[in-house]
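Residue numbers (the working numbering), protein chains in the order written: chain A, 2 to 115; chain B, 25 to 137.
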């Protein structure tokens, strides 16, 4: 089975801290994604990547950056965390191809910024 | 732009059928998806349908697609308490590798004994 692992399930950080959320997939998927999930707002795409060292902005990239130095790892970075970034962060990956874009999700990282 | 709408809540009794509805705005959608999220977990794919299909059945799940009305539904037969979860509808405009998924806000299904 494809596995997407998010290293931290729960994090508590202070305003202004730099935060790293790590995501690793073990099935050689080309595509990787970061979403945030908030009650009443559903899932919103922050950043995605189609290949190593490539990144594309999603719908809400402000306040975030990403890094993809290796194919299996996609990191989300909050340079200076703010309280409005308190959320559930979901990483996902998928294969490239001509068929359906089937995303496999990690279990999520719940971030609280105080 | 892309927009996917779902009702927020559905409550059914165990053994009944559940029907979760979704509407989307972009007629260029190539694939439409249903994902399930259980408490404290990420999303898992339930099923998807290609846009040139009207229906897809997989065990207790039936997906109906009405392209004219841009309406997608998920029917769960013989609903069980273990089906209680949030169900997300999603669409993609292009094949994998060239497109992202746009998700609805999710429908919370509550199944009572």
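Quick reminder that beta carbons are idealized off the backbone N, C-alpha and C, glycines included.
About 6 Å separates the CB atoms of residue 38 (chain B) and residue 135 (chain B); that is less than 8 Å, so the two are in contact. For residue 132 (chain B), the beta-bridge partners assigned by DSSP are B:33 and B:110. Residue 79 (chain B) is classed as exposed because its beta carbon has fewer than 16 other beta carbons within 10 Å across all chains shown. Sixteen is the threshold: since fewer than 16 other Cβ atoms of the shown chains lie within 10 Å of the Cβ of residue 10 (chain A), the residue is exposed. Under the 8 Å criterion on CB atoms, residue 106 (chain A) is classed as interfacial with respect to chain B. In this chain, the beta strand (DSSP E) harbouring residue 67 (chain A) covers 66–71. By the 16-neighbour rule on beta-carbons within 10 angstroms, residue 106 (chain B) is exposed. In this structure the stretch 52–63 of chain A does not touch the stretch 65–83 of chain B; the number of beta carbon pairs closer than 8 Å is below three. Remark: C-beta atoms of residue 7 (chain A) and residue 22 (chain A) approach each other more closely than 8 Å. Per the coordinates, the alpha-carbon of residue 85 (chain B) lies some 18 Å from the alpha-carbon of residue 47 (chain B).
Residue 85 (chain A) sits exposed, since fewer than 16 C-beta atoms from the chains shown fall within 10 Å of its C-beta. The beta-carbon of residue 129 (chain B) is placed less than 8 Å from the nearest beta-carbon of chain A. By alpha-carbon distance to residue 55 (chain B), the top candidate from B:71, B:137 and B:29 is B:71.
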